[in-house]
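Asker: End of the sequence shown sits at 326 in the numbering used here; the numbers just go up one at a time, nothing left out. C-beta atoms are modelled at their ideal positions from N, C-alpha and C, and glycine is treated no differently. Take a look at the following structure, please.
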Amino acid sequence: MEKDFGGFKGILIIGLGLIGGSLALALREESYKGKIYGFDLNKNRIEKALELKAIDEGYDSYEKIPWENIDFVVLSTPVKTFESIALKIKPFLKDDTVVSDVGSVKGDLVLRLYEILKPHVFVGVHPIAGTEKEGIENAKSDLFKNARLILTPVGDDREKIERIEKFWKDIGSKTEIMDPHLHDFVFASVSHLPHAIAFALVDSLIVLSKETGIDLFKYPGGGFKDFTRIAASSPTVWKDIFLENKENVLHTIDVFQKSLERLKEAIKKEDEKEVLNILSESREKRMSLDVSSEKVRE
């Protein structure tokens with residue numbers, strides 16, 4: 029099928045960080061013919077985006093943006109900013125302009141944005157892609173290639189939803205439709221919880237280092253570095269994700285604490301059978317992920 033990127037002719041990316049910058053570069057890489065506009069309060073990011081030729085024009089004021097040329101807006105800022113941005117840009121939007129996002133939290137947030145932006149169409153989107161690095165200087169044109177992408181639409185404007193899905197497919201993403209509340213439970217479990225654990229694990233070494241007077245960060249091996257890599261992610265981004273998806277995150281932390289307590293008790297009682305059962309079951313499930321990944325690549 030011919031690439032038309034949903035038929036959108038002018039795209040405004042609000043937030044020129046890693047994801048927003050990577051989206052702009054991906055559009056270039058896939059030969060998008062329309063114009064790409066960028067907005068960021070950080071003028072250095074705008075300059076870097078222009079230097080990389082990721083965008084055609086960049087702005088740090090909503091009033092200066094040529095809204096008459098824009099039919100698709102993508103919010104690529106921390107999720108806590110989405111509602112205030114939606115309220116600010118709504119008066120400028122053309123009748124047929126569609127608004128979307130690339131945030132990691134959906135749920136009630138999607139419903140609120142849908143109501144704020146009426147009669148304009150809002151469609152929630154979550155690309156399952158990214159790194160622990162920040163800024164457009166770390167953007168990658170292939171970040172979304174073959175990556176899973178979740179759409180969480182509300183309302184019944186099938187035509188606009190299908191256009192956004194086509195937009196991401198033309199970039200190379202593998203799309204899936206999901207209820208916004210189900211999305212938040214799923215990704216609290218497989219993404220938000222692991223990030224919380226990684227941040228907490230690093231914090232525990234900070235505490236232990238102070239407690240013993242030994243700088244434990246001199247000694248971590250590859251396993252610790254691999255496991256805690258995501259703790260180098262943006263604190264602002266993850267603070268917003270944890271708080272916006274609070275109920276699901278708290279539930280998954282509770283379940284994790286129970287699992288950790290089960291292992292702790294087995295070790296405390298020197299129950300070799302129970303320790304072995306826990307480790308073996310976890311190992312088997314983890315190894316199955318690698319098999320599933322291989323099948324996907326095939």
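Using 10 angstroms around the beta-carbon of residue 113, count the other beta-carbons present and answer buried if the total reaches 16, otherwise exposed.
Answerer: Looking at its Cβ environment, which holds 16 or more other Cβ atoms inside 10 Å, residue 113 is buried.
Asker: How do the segment 87-106 and the segment 34-41 stand: do at least 3 beta-carbon pairs fall below 8 Å, yes or no?
Answerer: The segment 87-106 vs the segment 34-41: in contact.
Asker: Could you tell me whether the segment 139-158 touches the segment 177-192, where touching means 3 or more Cβ pairs closer than 8 Å?
Answerer: Touching, yes.
Asker: Please report the straight-line C-alpha distance between residue 283 and residue 277, rounded to a whole angstrom.
Answerer: For residue 283 and residue 277, the distance between alpha carbons rounds to 10 Å.
Asker: Starting from residue 187, follow the alpha helix (DSSP H) in both directions and report where the run begins and ends.
Answerer: 186-199 is the extent of the alpha helix (DSSP H) around residue 187.
Asker: For residue 1, which of 215, 194 and 147 has the nearest alpha-carbon?
Answerer: Outside the shown range of the chain, which is 29 to 326, sits residue 1, and nothing can be said about it.
Asker: Measure the C-alpha to C-alpha separation of residue 211 and residue 301 and round it to an integer number of angstroms.
Answerer: Between residue 211 and residue 301, the C-alpha separation is close to 36 Å.
Asker: Using the rule of at least 16 other Cβ atoms within 10 Å of the residue's Cβ for burial, across every protein chain shown, is residue 247 buried or exposed?
Answerer: Answer is exposed; the Cβ neighbour count stays below 16.
Asker: How far does the alpha helix (DSSP H) with residue 231 in it extend, from its first residue to its last?
Answerer: Taken as a continuous stretch (DSSP letters only), the alpha helix (DSSP H) holding residue 231 covers 221-240.
Asker: Would you call the segment 54-71 in contact with the segment 181-194, where contact means no fewer than 3 C-beta pairs closer than 8 Å?
Answerer: No: fewer than three Cβ pairs fall under 8 Å.
Asker: Residue range of the alpha helix (DSSP H) that residue 277 falls in?
Answerer: Run containing residue 277: 274-296, per the alpha helix (DSSP H) assignment.
Asker: For residue 45 and residue 297, I'd like the C-alpha separation in whole angstroms.
Answerer: The straight-line gap from Cα to Cα measures roughly 49 Å.
Asker: Does the segment 73-81 touch the segment 99-119, meaning 3 or more C-beta pairs lie closer than 8 Å?
Answerer: No, because fewer than three Cβ pairs between the segment 99-119 and the segment 73-81 fall closer than 8 Å, the two stretches do not touch.
Asker: If you draw a straight line from the alpha carbon of residue 216 to that of residue 224, how long is it in whole angstroms?
Answerer: Looking at the two C-alpha atoms, the distance is approximately 10 Å.
Asker: Is the Cβ-Cβ distance between residue 192 and residue 49 less than 8 Å?
Answerer: No, Cβ-Cβ distance for residue 192 and residue 49 is not below 8 Å.
Asker: What number of angstroms, rounded off, separates the C-alpha of residue 144 from the C-alpha of residue 128?
Answerer: The alpha-carbon atoms of residue 144 and residue 128 are separated by roughly 13 Å.
Asker: Using DSSP bridges, identify the partner residues of residue 176.
Answerer: For residue 176, which the question treats as bridged, DSSP gives the partners 202.
Asker: With burial defined as no fewer than 16 other Cβ atoms inside 10 Å of the residue's Cβ, what is the status of residue 245: buried or exposed?
Answerer: That one is exposed.
Asker: Would a C-beta distance cut-off of 8 Å place residue 108 and residue 268 closer than the cut-off?
Answerer: Contact: yes.
Asker: If you reduce the DSSP assignment to three classes, tell me which class residue 265 lands in.
Answerer: Residue state, collapsed to three classes: helix.
Asker: Taking buried to mean at least 16 other C-beta atoms within 10 Å of its own C-beta, is residue 275 buried or exposed?
Answerer: So residue 275 ends up on the exposed side.
Asker: CA-CA distance, residue 286 and residue 74?
Answerer: Rounded to whole angstroms, residue 286 to residue 74 spans 46 Å at the Cα level.
Asker: Return the CA-CA distance between residue 308 and residue 314, expressed in angstroms with no decimal places.
Answerer: Spanning the two alpha carbons is a distance of roughly 10 Å.
Asker: Is the segment 256-270 in contact with the segment 224-242, if contact means three or more CB pairs nearer than 8 Å?
Answerer: The answer is yes - the segment 224-242 touches the segment 256-270, with three or more Cβ pairs under 8 Å.
Asker: Between residue 96 and residue 122, how many whole angstroms is the CB-CB distance? I'm expecting something under 8 Å.
Answerer: Residue 96 to residue 122, Cβ: 7 Å. Contact.
Asker: Using a 10 Å radius around the Cβ and a threshold of 16 neighbouring Cβ atoms, would you call residue 151 buried or exposed?
Answerer: By the 10 Å Cβ count, residue 151 comes out buried.
Asker: Give me the Cβ distance between residue 280 and residue 221, rounded to the nearest whole Å; I'm assuming they're in contact under 8 Å.
Answerer: Confirmed, Cβ separation roughly 4 Å.
Asker: So what's residue 119 in DSSP terms, helix, strand or just coil?
Answerer: In this structure, residue 119 counts as helix in the three-state DSSP scheme.
Asker: What's the C-alpha gap between residue 238 and residue 230?
Answerer: Using only the alpha carbons, I get a separation of about 13 Å.
Asker: According to DSSP, simplified to helix, strand and coil, what is residue 141?
Answerer: Looking at residue 141 - three-state DSSP - the assignment turns out to be helix.
Asker: On the premise that residue 272 lies in contact with residue 137, defined as a C-beta separation below 8 Å, what is that separation, rounded to the nearest angstrom?
Answerer: Yes, they are in contact, since the Cβ atoms of residue 137 and residue 272 sit about 6 Å apart, within 8 Å.
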